[in-house]
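Residue numbers (the numbering used here): 1397 to 1562.
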């Protein structure tokens, strides 16, 4: 086992540069760490599956042999491939961030649209109430005028009747 390779029991982030230009945000490191931990987890699974397969064959073909453990040497990833993979992971993370920002923008636009519709409905309802109020005022004024006209007609009629009977 290479002394630069961490053991599966104690995961550690890879040493050295991150590739992709250094700077900006922590997203590159977390992507690398996730890939690194996945890499370790896969090799732990390979160790276990290999042990189980060997033990099954030994039990069947050579009873009495017990496989205690299996250790698969983890390959050293060439620097150029590692850098390329890290850059791809950074780009993937940037794309995911851009997609999430787009979703946020769409939600904000949808919220703004709903608020605008709500505001327009509120204005329309207020306008309708004001229009109904004006109509009721005009109707009330018309009824009042009719009553005044009836009173005037009744007074004039009684005056005409009074003149007629004199």
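All C-beta atoms, glycine included, are put in the ideal place defined by N, C-alpha and C.
Let me know the secondary structure DSSP gives residue i once reduced to three states.
{"i": "residue 1485", "result": "helix"}
{"i": "residue 1402", "result": "Because the pLDDT at residue 1402 is just 44, under 50, the model does not fix this residue reliably, and the value given afterwards should be weighed accordingly. Three-state DSSP puts residue 1402 in coil, outside helix and strand."}
{"i": "residue 1460", "result": "coil"}
{"i": "residue 1554", "result": "helix"}
{"i": "residue 1473", "result": "coil"}
{"i": "residue 1467", "result": "coil"}
{"i": "residue 1562", "result": "coil"}
Could you work out which residue in the options is closest to residue i when comparing CA atoms only?
{"i": "residue 1461", "options": "1538, 1447, 1504 and 1474", "result": "1447"}
{"i": "residue 1464", "options": "1474, 1444 and 1473", "result": "1444"}
{"i": "residue 1375", "options": "1553, 1490 and 1437", "result": "Residue 1375 cannot be examined here, being either before or after the span of the chain that is shown, 1397 to 1562."}
{"i": "residue 1470", "options": "1440, 1491, 1552 and 1458", "result": "1440"}
{"i": "residue 1466", "options": "1490, 1513, 1451 and 1551", "result": "1451"}
Just mark residue i as buried or exposed, buried being the case when its beta carbon has 16 or more other beta carbons within 10 Å.
{"i": "residue 1533", "result": "exposed"}
{"i": "residue 1485", "result": "buried"}
{"i": "residue 1482", "result": "buried"}
With a threshold of 7 Å, establish whether the CB of residue i neighbours any heavy atom of the ligand HEM.
{"i": "residue 1440", "result": "The ligand HEM is not part of this structure, which contains no ligands at all."}
query = Contact between the region 1460-1479 and the region 1499-1512: three or more CB pairs below 8 Å?
reply = no
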